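If you use the numbering used here, the sequence shown closes out at 183, no skipped numbers anywhere.
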Amino acid sequence: MANRNTSGGAYRTEDETPTNRKLIRPNLAELGDRYPTRSFQQRKQVPPEQTNAESYYYLKQMAAKTPMVVVLTDGEEVRGWIEWYDKGCLKVNRERGPNLLIPKASIKYLYKQAEEEGMRGGGNR
Numbered sequence: 059m060a061n062r063n064t065s066g067g068a069y070r071t072e073d074e075t076p077t078n079r080k081l082i083r084p085n086l087a088e089l090g091d092r093y094p095t096r097s098f099q100q101r102k103q104v105p106p107e108q109t110n111a112e113s114y115y116y117l118k119q120m121a122a123k124t125p126m127v128v129v130l131t132d133g134e135e136v137r138g139w140i141e142w143y144d145k146g147c148l149k150v151n152r153e154r155g156p157n158l159l160i161p162k163a164s165i166k167y168l169y170k171q172a173e174e175e176g177m178r179g180g181g182n183r
């Protein structure tokens, strides 16, 4: 009577004994060339460090020579327009007084001088 082999599903008779078979192993280096790892494809890209919104804002205000108010961390207000900027500072030209080179670390915030007049006129912000 034939018995069903549980491992492979093939039939063999009782008098047949399993024989040793040579295991063929593929070369892993060859497989790596054929099937690249998916870790690079699945990994999400890191968002950019800068969105360039700050640069765009400065360029827009520089081109129009928009009068700005720069509020420093100590509460002092500097009025003028932005002549140039770099990674660490702004150069502000003023009508009254010398031009200033202000480190960005000492700037609390800045806004357009026209917005200040709107705030004093009763606008809620």
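Glycine included, each C-beta is placed from N, C-alpha and C at the ideal position. These numbers were taken from a predicted model, which means no experiment stands behind them.
**Study point:** Spatial neighbours of residue 157 in its chain, beta-carbon cut-off 6 Å, leaving aside the 5 residues before and after
**Key:** As a working mapping, residue 157 is identified with position 99 in the sequence shown. Short of 6 Å from the beta carbon of residue 157, and not among the five residues preceding or following it, lie these beta carbons of its own chain, in chain order: 151.
Practice item. Measure the C-alpha to C-alpha separation of residue 168 and residue 159 and round it to an integer number of angstroms. Key: Taking the first residue of the sequence shown as 1, we reach residue 168 at position 110. Taking the first residue of the sequence shown as 1, we reach residue 159 at position 101. One C-alpha to the other measures close to 15 Å.
**Study point:** Neighbour flag for residue 112 against chain D, beta carbons, 8 Å
**Key:** No chain D is present in this structure, which holds just one protein chain.
Practice item. Tell me residue 149's beta-bridge partners as DSSP assigns them. Key: In the sequence shown, residue 149 corresponds to position 91, counting from 1. Residue 149 pairs with 142, 159.
Check your understanding: Going by other Cβ atoms of all chains shown within 10 Å of its Cβ, with 16 needed for buried, is residue 115 buried or exposed?
Key -> Residue mapping note: residue 115 aligns to position 57 of the sequence shown, counting from 1. Per the 10 Å Cβ criterion, exposed.
Exercise for review: Using the Cα positions of residue 110 and residue 154, report the straight-line distance between them to the nearest angstrom.
Suggested key: Position 52 of the sequence shown holds residue 110. Position 96 of the sequence shown holds residue 154. The alpha-carbon atoms of residue 110 and residue 154 are separated by roughly 31 Å.
Check your understanding: Can the beta-carbon of residue 166 be found less than 8 Å from the beta-carbon of residue 147?
Key -> Position 108 of the sequence shown holds residue 166. Position 89 of the sequence shown holds residue 147. Taking 8 Å as the cut-off, the beta carbon of residue 166 is found no closer than this to the beta carbon of residue 147.
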